[in-house]
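Numbering (my numbering), first residue to last: 2 to 243. Glycine included, each C-beta is placed from N, C-alpha and C at the ideal position.
Next up, the structure:
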């Protein structure tokens, strides 16, 4: 994608995010002026504030943290969908207890199916336990499900989001049974804390990259925070694939 295309992507995405309502012309003028003044610095420097669960504690930590290189949010040991050689890699930091992550999960799965050969999607854990106390355990449970294969992980992933009001240990065990996991092995894995450090590493990578809430996406390293509507996801994806 050319530099010129990147330059005007903020205008297109922001208009879609805001909707074509109200003083349309004035919005165009305002956004374009922001680009000209350098106030909109990144093609995807956007936050869907009404659909983001934010941690004030993490916000303070991030303010004291130097940003890492964009490619460092890409992880080869986390669950992924799509083509590893795709032009566009979407990395999501999400929380199984977050309603906005749940909303985003439906959109991103639809996108992954539609662009299976052209987009790679990587799921990374970012449980915000001060708001969702059982989210850490749910994230570890997801990793335990993945031991039996990526298909089992995605089935368990979907089940967790569909039942996120109950992420207690007995519920996590029942969901494991429902998706056909080996329940004794799952129990042993979860009880051992085998993947606690893996989840902690995801959280730290997110903090290093400036993540303060869920869901947060990185499109080839450029950050968008909040549950992105499917049509906006399609728009961003199409621009990258031009």
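Using a 10 Å radius around the Cβ and a threshold of 16 neighbouring Cβ atoms, would you call residue 232 buried or exposed?
By one-based count along the chain shown, residue 232 stands at place 231. By the neighbour-count rule (16 or more Cβ atoms within 10 Å), residue 232 is not buried but exposed.
Do the CB positions of residue 109 and residue 81 come within less than 8 Å of each other?
Locating residue 109 in the chain shown gives position 108, counting from the first residue. Locating residue 81 in the chain shown gives position 80, counting from the first residue. No, Cβ-Cβ distance for residue 109 and residue 81 is not below 8 Å.
Near residue 203, what residues of its chain come up, given a Cβ to Cβ distance below 6 Å and the 5 sequence neighbours on each side ignored?
Taking the chain shown and counting its residues from 1, the one referred to as residue 203 is at position 202. Contacts found: 125, 126.
Residues near residue 145 by beta carbon distance below 6 Å, same chain, minus five either side:
Sequence index remark: in the chain shown, residue 145 carries index 144 (1-based). Answer for residue 145: 187, 190, 191, listed in chain order.
Look at the alpha carbon of residue 168 and the alpha carbon of residue 134, and state the distance between them as a whole number of angstroms.
Position 167 of the chain shown, counting from 1, holds the residue named residue 168. Position 133 of the chain shown, counting from 1, holds the residue named residue 134. Taking the straight line from one Cα to the other gives about 9 Å.
Cutoff 8 Å; reference residue 179; Cβ partners in own chain excluding five residues on either side
Stepping through the chain shown from its first residue, residue 179 is reached at position 178. Answer for residue 179: 160, listed in chain order.
May I ask you to report which of helix, strand or coil DSSP gives residue 91?
Taking the chain shown and counting its residues from 1, one reaches residue 91 at position 90. It is a strand residue.
Using DSSP with H/G/I as helix, E/B as strand and the rest coil, what is residue 196?
The residue labelled residue 196 in the question sits at position 195 within the chain shown. In this structure, residue 196 counts as coil in the three-state DSSP scheme.
Looking at the secondary structure, which residues open and close the alpha helix (DSSP H) in which residue 165 lies?
Your numbering for residue 165 matches position 164 in the chain shown. Neither: residue 165 is in no alpha helix (DSSP H) and is coded neither H nor E.
Please classify residue 114: is it buried, with 16 or more other beta-carbons within 10 angstroms of its beta-carbon, or exposed?
Working through the chain shown from its first residue, we reach residue 114 at position 113. That one is exposed.
Collapsed DSSP secondary structure at residue 126 in the structure displayed
On the chain shown, position 125 is the one that residue 126 refers to. Residue 126: strand per DSSP, three-state reduction.
Whole-angstrom C-beta distance between residue 101 and residue 244, which should lie under 8 Å:
The chain is shown only over 2 to 243; residue 244 falls outside these bounds and no answer can be derived.
Could you tell me the alpha carbon to alpha carbon distance between residue 206 and residue 74, rounded to whole angstroms?
What you label residue 206 is simply residue 205 of the chain shown in a count that begins at 1. What you label residue 74 is simply residue 73 of the chain shown in a count that begins at 1. Approximately 7 Å between the Cα atoms of the pair.
Work out the CA separation of residue 89 and residue 224 for me, nearest whole Å.
Position 223 of the chain shown holds residue 224. Position 88 of the chain shown holds residue 89. Approximately 13 Å between the Cα atoms of the pair.
Three-state secondary structure (DSSP) at residue 246?
With the chain covering only 2 through 243, there is no way to say anything about residue 246.
As a quick exercise: from 196, 236, 228, 166, pick the residue whose alpha carbon is nearest that of residue 93.
Numbered from its first residue, the chain shown carries residue 93 at position 92. The shortest Cα separation from residue 93 among 196, 236, 228, 166 belongs to 228.
In chain order, each beta strand (DSSP E) run of at least 3 residues that lies wholly inside the segment 106 to 150:
120 to 126
Can you give the Cα-Cα distance for residue 230 and residue 112, rounded to whole angstroms?
Your numbering for residue 230 matches position 229 in the chain shown. Your numbering for residue 112 matches position 111 in the chain shown. Their Cα atoms are separated by approximately 11 Å.
Can you tell me the Cβ-Cβ gap for residue 183 and residue 149, rounded? I've got them flagged as a contact below 8 Å.
By one-based count along the chain shown, residue 183 stands at place 182. By one-based count along the chain shown, residue 149 stands at place 148. Correct: roughly 7 Å between the Cβ atoms.
Which residues does DSSP pair with residue 201 in a beta bridge?
Within the chain shown, residue 201 is the residue found at index 200, counting from 1. In DSSP, residue 201 forms no bridge with anything.
Give the secondary structure of residue 211 by DSSP, where H, G and I count as helix, E and B as strand, and everything else as coil.
Translated into positions along the chain shown, residue 211 becomes position 210. Correct three-state label for residue 211: coil.
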